[in-house]
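Chains as they are written, first to last, in this note's numbering: chain A, 86 to 687; chain B, 19 to 228. The beta carbon of each residue, even a glycine, is placed where N, CA and C say it ideally should be. Note that the structure is a prediction, hence the values are computed from the model and not measured. Input: a single structure, listed below in C-alpha cells.
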Amino acid sequence: MAATVRVRSGKTGRALCALSLAAFVLAARAVNPEGIAVGVFAFQGERAAISDWSPVIDHLNRELPGHGFHLRNFDADGLREAIAARQVDLVITNPGYYVTLESQFGLSRIATLQSPHAARSGQALGSVVLVRAERTDLVNLRDLAGRSIAAVAPEAFGGYLIAAREMLREGVNPESAVRETRFLGLPMTRIVDAVKNREVDAGIVRACLPEQMSREGQIRMEEFRVLSPRRVDGFDCVLSSPLYPDWPIAVTRDIDPGLAKSVARVLLSMPEGQDRVSWSVPLDYQPVLELYRDLRVGPYAYLRDITPEGLARRFWPWLLGLLALLAGWIVHTVRVEHLVHRRTRELNDSLAAREAAERRVRDNQDRMEHLSRLSILGELSGRLAHEINQPLTSIGTYANGLLRRDAAGTLTPEALREACGEIASEAERASGVVRRIRHFARKRAAVREPVDVFRLVEEAQRMVAGMLVSCPQIVVECEAGLECRALCDGLQIQQVLLNLIKNAIDASRGLPDDRQVIRVRLTRADSRLVVQVVDRGAGLDAAQRERLFEPFFTTKPDGLGLGLPICRSIIEAHGGRLWAETNEDGVGMCFSFQLPCHESSA
Amino acid sequence: MNHPPEDCVVHVVDDDAALRRALRFLLDSVGWNVRLYASAEEFLDALTPPETPSCLLLDIRMPAMSGLELQQVLSERGIALPILFLTGHADVSMVVQAMKSGATDFIEKPFRDQVLLDAVAAAVRRSAEMLADSGRREGVRRRLQTLSPREGEVARLVALGEPNKVIAAALSISEKTVHIHRQHVMEKMGISSAAELARLMLLADPSALD
C-alpha cells in the first residue's frame with residue numbers, strides 16, 4: 086500500500102516538475118519518509134549483502150543527504166517483482182540479471198563496480214572449471230562430454246553461465262552433452278567440496294574463488310586442476326573463460342534524472358582502496374548479452390523456443406494435445422483402414438462364398454443331369470417304357486394275328502398287307518423312339534477339349550459311391566507316368582463311365598465281397614487311351630455277348646437295353662471304340678473303350 | 019348257353035390307334051366281334067347294356083378319362099361288363115386299385131398273344147354267366163309278381179323254414195288256409211320244396227329274407 090502511494094507521489098512529483106521549481110520538488114521529496122530504495126540482488130544472503138553494500142549506502146546518504154537511501158535485499162525473483170511494482174529506485178545486481186532487467190524494465194546503468202582484482206579492461210567476472218588434479222583424462226572443457234559437473238544454479242552468472250558458454254564454444258552442449266549437472270546452490274564452496282570428494286567430475290565456480298579459498302586455507306591449489314586454463318592480463322586469478330564486466334548499479338525509469346546524475350557523480354567519486362567497494366564508469370554489457378544469446382537464456386530464452394526441443398518445452402501441453410489428436414487421427418485412420426479392409430474382405434468372402442455356392446449348384450445340376458441321363462439309360466422311366474411298349478406290342482400282336490390266321494387258313498392277302506404295313510410302320514415308330522433317346526443322350530453340342538480322364542474316373546467313382554447305399558470297392562489303376570488327357574466331351578465320357586461301372590456293380594450284386602471289387606484301368610496303346618472297367622461278376626454267355634450292344638437287349642429284369650448302345654454311339658462319335666470281352670480267367674466281364682489321346686505338343 | 023364268338027363283343031378302348039388296330043387284327047383272327055374306341059368318352063357314348071356276352075379291353079393310361087375312371091363310371095351305372103386292363107411296366111399301383119375295384123384281369127404290355135386271347139375268352143365266359151344269371155333273376159321276379167299279397171307273405175315265411183302252425187299264428191289265419199296258400203306258391207313258382215323257394219327268392223332279391 087505504501088509503495089503505491091509512493092509511486093503515485095513520484096508521478097505527481099514528475100508532473101509538477103514540469104511546472105514548478107526543482108527545489109520545491111526536492112523539498113517534496115524530502116518529506117517522503119521512505120526515501121530512495123536501493124534494491125540489491127543478495128545472492129549470498131541478506132547479511133552478506135548488507136555488509137557488502139552498506140558502505141555505498143552510507144556514502145550516498147553522506148553525500149546526498151535528505152534522500153533517505155536505504156538497502157532492500159531481494160533474491161532474483163523478488164528483485165524482478167520489486168522493479169515491476171516500482172518499489173525500488175536504484176538496482177545493484179549481477180551482470181546477467183542486469184541485462185535481463187535492462188531489456189525488460191528499461192534500467193539504465195550509471196556505474197560498474199570496480200573490483201580491486203579487475204583486469205585492465207575493468208572486467209572482473211569469469212568462471213573457472215575445476216577437476217581433481219589426478220584426473221589427467223580431463224584437460225579441456227570439451228572433455229566434459231559425458232561427465233558429471235556441479236554448478237551453483239542454472240541462472241548463476243559466474244557460477245554456471247560463463248563456463249557453460251565456453252563449453253558450448255568448445256562443442257559440448259552443457260545441457261545435453263554432459264551426463265549430469267548438479268546445481269548445489271550457495272555457498273559456492275559446496276561445489277569445490279563436491280569435486281574434492283569425487284562426487285562429480287568437475288565443478289564450475291566464480292573466478293578467484295579457488296585462490297580465495299586457498300588463501301583462507303580451505304583448500305590446497307595443488308589438489309585441483311583448471312580445465313582450458315587461461316590468463317588475462319592484469320587479472321590475478323586463473324580462468325576457464327574470458328572476463329565479463331562486474332556488477333552494475335542502475336536506475337529505474339522512475340527516478341528523477343537529476344538525482345540519477347547526482348548519484349552517479351557521488352559513486353564515481355568513491356575513493357578506491359584495498360577491500361573497499363569502488364565504482365567506475367559503466368562498462369559495455371554487450372558481451373553479457375552475447376553470452377545470453379549463445380546460451381539462449383535470460384532475454385534470449387525465446388530463442389530456445391525456436392529449436393524443436395525448446396518448442397517442445399514451451400508448447401508441450403499443446404504438443405501433447407496435438408500428438409493426442411494425431412494419435413487419435415492415426416488410430417481413426419488405421420481403424421477405418423482396418424474396417425474398410427475387413428469389410429472388403431468380408432465382401433470378397435461373401436462374393437467368393439456366393440460364387441462357390443453357384444459353382445456347387447452348377448456342379449449339382451451337372452451331376453443331376455448325369456444322374457437323370459443315367460436313369461434313362463440304365464433304368465426304365467414309365468413314360469419311355471410306354472412309348473416303346475406301344476409299338477412293340479402292336480408289332481407282336483400283328484405278327485401273332487398273322488400266324489393265327491395262317492394256321493386257321495383264314496389269312497387273306499388284304500389282311501397280310503394290312504399287318505405287314507402296320508408292322509413296318511410300328512417298327513419305324515420304335516426306332517424313332519430309340520433315335521430320340523440317342524439324340525437326348527447326345528443333346529449336348531459336340532465338345533472336344535483336352536480332358537484328364539483319370540480325374541473323370543475318380544469323379545465317377547465318387548458319384549457312384551454317393552448314389553448307392555452300399556457301394557462295392559472301386560479300384561482305379563493308372564499306368565505309371567500315363568498322360569491321361571484325351572480330346573473328348575468330359576460329360577459324355579463321364580456318362581459312359583458311370584454306365585459301365587453301374588453295369589459292373591449290377592453284374593456282381595449279391596456275390597461274395599471279393600467278387601464285388603470293380604477295377605477301372607487306364608492304359609495307353611499307341612496314340613490311344615484305353616479305359617477298362619473290369620468286374621468279377623456273373624459274366625455273360627456267348628449269345629448274350631453277341632447281342633450286348635443291340636438296342637432293347639437286356640439281361641436285367643428292369644433294364645431297357647439302351648445303355649450300352651448309347652455308350653457305344655458316344656464312344657464312336659469320339660472316334661473311339663467300345664467293346665466287351667470275358668476276362669482271361671473266365672470270371673466276369675471287361676468292358677473297354679479307347680479314345681484318341683490329346684497330344685499336348687500339338 | 020353257348021354263344022358263337024361272332025356274337026360276343028370285345029370292346030377295345032385305347033388311345034394308341036396302331037395298337038387298337040393290332041388288337042382287332044388279332045381278335046378277328048379267332049372270330050371275336052371287335053369294336054374299337056379311341057377314348058373312354060367315345061365308349062361311354064356308344065354304350066348300351068350288354069345283351070350278348072362281351073368284355074372290355076381297357077388301356078389303364080389314357081390322356082383324358084383314364085381306364086380307372088371309366089371302370090368307376092361303369093360300376094356306378096350298374097353295368098356288368100368284365101374288364102381286362104392293359105398295363106405298362108410301371109403301373110403296379112394302378113393295377114392294384116383296378117383289381118380291388120372288381121377288374122377281371124390285367125395284361126401287361128408287351129403281351130404274348132395267347133395270354134391275351136385266353137384272358138379275353140375267360141372274360142367273355144364270365145360275361146355269359148352274368149347274362150344267364152341276370153335272365154334267371156328276371157324270370158323268378160316275373161313269377162314272384164304273380165303271387166297275391168297273402169301268398170307273398172306265406173312264401174316268405176315258408177322260405178324262412180317256418181312250420182304251417184307258426185305261419186298260421188303269425189298271420190292270424192287257420193293252418194288249413196296256410197296249407198292252401200303254400201300249394202299255390204309252389205305251383206306258381208314251379209317248385210316243390212321250401213329250400214328251392216328260398217334260393218329263388220334270394221336270387222331275385224338278395225335282401226328278400228332279411
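Decide if residue i is buried, meaning its Cβ has at least 16 other Cβ atoms within 10 Å, or exposed.
| i | result |
| --- | --- |
| proline 167 (chain B) | exposed |
| leucine 198 (chain A) | buried |
| arginine 232 (chain A) | buried |
| histidine 683 (chain A) | buried |
| leucine 164 (chain A) | buried |
| tryptophan 414 (chain A) | exposed |
| glutamine 189 (chain A) | exposed |
| histidine 199 (chain B) | buried |
| tryptophan 403 (chain A) | exposed |
| valine 27 (chain B) | buried |
| threonine 418 (chain A) | exposed |
| alanine 201 (chain B) | Correcting the residue type first, residue 201 (chain B) is glutamine in the shown sequence and not alanine. When all chains shown are included, glutamine 201 (chain B) counts as exposed. |
| arginine 38 (chain B) | buried |
| leucine 649 (chain A) | buried |
Which one or two residues does DSSP pair with residue i in a beta bridge?
| i | result |
| --- | --- |
| phenylalanine 190 (chain A) | Answer by DSSP bridge pairing: none, since phenylalanine 190 (chain A) is not bridged. |
| glutamine 679 (chain A) | A:Val615, A:Arg662 |
| methionine 674 (chain A) | A:Thr667 |
| phenylalanine 126 (chain A) | A:Phe159 |
| leucine 104 (chain B) | B:Asp77, B:Ile125 |
| phenylalanine 268 (chain A) | A:Ala236 |
| glycine 481 (chain A) | Note: glycine 481 (chain A) sits in no beta bridge, so no partner. |
| serine 365 (chain A) | A:Thr197 |
| alanine 82 (chain B) | Per DSSP, none; premise fails for alanine 82 (chain B). |
| arginine 144 (chain B) | In DSSP, arginine 144 (chain B) forms no bridge with anything. |
| alanine 291 (chain A) | First, the amino acid is wrong: residue 291 (chain A) is arginine here, not alanine. In DSSP, arginine 291 (chain A) forms a bridge with A:Ser212. |
| serine 72 (chain B) | B:Val27 |
Quick one: what does DSSP say residue i is sitting in, helix, strand or coil?
| i | result |
| --- | --- |
| proline 333 (chain A) | strand |
| cysteine 26 (chain B) | coil |
| histidine 155 (chain A) | strand |
| proline 690 (chain A) | The question about residue 690 (chain A) has no answer here: the residues shown for chain A are numbered 86 through 687. |
| valine 532 (chain A) | coil |
| asparagine 117 (chain A) | Annotation note: pLDDT 46 at asparagine 117 (chain A) (below 50); position unreliable, no value reported. |
| aspartate 32 (chain B) | coil |
| tyrosine 55 (chain B) | strand |
| aspartate 491 (chain A) | helix |
| aspartate 537 (chain A) | strand |
| phenylalanine 634 (chain A) | coil |
| alanine 262 (chain A) | coil |
| tyrosine 370 (chain A) | coil |
| alanine 98 (chain B) | coil |
| glutamate 284 (chain A) | coil |
| methionine 86 (chain A) | Its pLDDT being 38, under 50, methionine 86 (chain A) is placed unreliably in this model, and the coordinates cannot settle the point. |
| aspartate 228 (chain B) | coil |
Quiz item: Fully enclosed by the segment 295-340 of chain A, which beta strand (DSSP E) runs are 3 residues long or longer?
Solution: Those beta strand (DSSP E) runs which fall completely within the segment 295-340 of chain A and span 3+ residues are 309-311, 333-336.
Practice problem: Check whether the segment 532-541 of chain A touches the segment 501-520 of chain A, counting contact only when three or more Cβ pairs, one atom from each stretch, lie closer than 8 Å. | Solution: Counting Cβ pairs under 8 Å, fewer than three are found: no touch.
Quiz prompt | At least three beta-carbon pairs within less than 8 Å, the segment 301-318 of chain A to the segment 137-146 of chain A | solution = Under the three-pair Cβ rule at 8 Å, the segment 301-318 of chain A does not count as touching the segment 137-146 of chain A.
Quiz prompt | Cβ contact (3+ pairs, closer than 8 Å) linking the segment 86-97 of chain B and the segment 126-144 of chain B | solution = By the Cβ criterion, the segment 86-97 of chain B is not in contact with the segment 126-144 of chain B, since fewer than three pairs of Cβ atoms, one from each stretch, lie closer than 8 Å.
Self-check item: Contact residues within the segment 489-517 of chain A, judged by C-beta distance below 8 Å to chain E
Solution: Of the protein chains in the structure, A and B, none is chain E.
Quiz prompt | Three CB pairs or more closer than 8 Å across the segment 594-609 of chain A and the segment 649-669 of chain A | solution = Short answer: they don't touch.
Exercise. Starting from the N-terminal side, write out each stretch of the alpha helix (DSSP H) that is 4 residues or longer and does not extend beyond the segment 169-240 of chain A.
Key: Taken in chain order, the complete alpha helix (DSSP H) segments of 4 residues or longer contained in the segment 169-240 of chain A are 180-190.
Quiz item: Unbroken alpha helix (DSSP H) runs of length 4 or more, entirely within the segment 151-180 of chain B: which are they?
Solution: For the segment 151-180 of chain B, the full-length alpha helix (DSSP H) segments reaching 4 residues or more read 167-177 along the chain.
Exercise. Report the residue ranges of all alpha helix (DSSP H) runs contained in full by the segment 186-218 of chain B; include only those spanning at least 4 residues, in chain order.
Key: Correct list: 193-207.
Self-check item: Segment contact, 8 Å Cβ cut-off, at least three pairs: the segment 259-275 of chain A with the segment 317-337 of chain A
Solution: The segment 259-275 of chain A makes no contact with the segment 317-337 of chain A; the number of CB pairs closer than 8 Å stays below 3.
Quiz item: Is there contact between the segment 207-219 of chain A and the segment 240-249 of chain A, where contact requires at least three CB pairs shorter than 8 Å?
Solution: The segment 207-219 of chain A is in contact with the segment 240-249 of chain A.
Practice problem: Check whether the segment 484-500 of chain A touches the segment 614-623 of chain A, taking contact to mean three or more Cβ pairs, one atom from each stretch, closer than 8 Å. | Solution: Output reads no: the segment 614-623 of chain A does not touch the segment 484-500 of chain A.
Quiz item: Hey, is the segment 142-157 of chain B in contact with the segment 178-186 of chain B, meaning 3+ C-beta pairs nearer than 8 Å?
Solution: Between the segment 142-157 of chain B and the segment 178-186 of chain B there are fewer than three C-beta pairs closer than 8 Å, too few to call the two in contact.
Quiz item: Are the segment 221-238 of chain A and the segment 349-359 of chain A in contact at 8 Å, needing three or more beta carbon pairs?
Solution: No, the segment 221-238 of chain A is not in contact with the segment 349-359 of chain A.
Exercise. With a floor of 4 residues, list each alpha helix (DSSP H) that falls wholly inside the segment 558-629 of chain A, ordered by position along the chain.
Key: Whole alpha helix (DSSP H) segments, 4+ residues: 575-592, 598-601.
Practice problem: Would you be able to state if there are at least three C-beta pairs under 8 Å between the segment 324-336 of chain A and the segment 191-206 of chain A? | Solution: In the pairwise beta carbon analysis, the segment 191-206 of chain A is classified as touching the segment 324-336 of chain A: at least three pairs are separated by under 8 Å.
Quiz item: Are three or more beta carbon pairs between the segment 57-70 of chain B and the segment 89-99 of chain B nearer than 8 Å?
Solution: For the pair of segments examined, the segment 57-70 of chain B was found to touch the segment 89-99 of chain B: the number of CB pairs separated by less than 8 Å reaches three.
Quiz item: Using 8 Å as the Cβ pair cut-off and three pairs as the minimum, do the segment 150-163 of chain B and the segment 214-227 of chain B touch?
Solution: Counting Cβ pairs under 8 Å, three or more are found: they touch.
Practice problem: Check whether the segment 647-659 of chain A touches the segment 604-614 of chain A, taking contact to mean three or more Cβ pairs, one atom from each stretch, closer than 8 Å. | Solution: They do not touch, by the three-pair rule.
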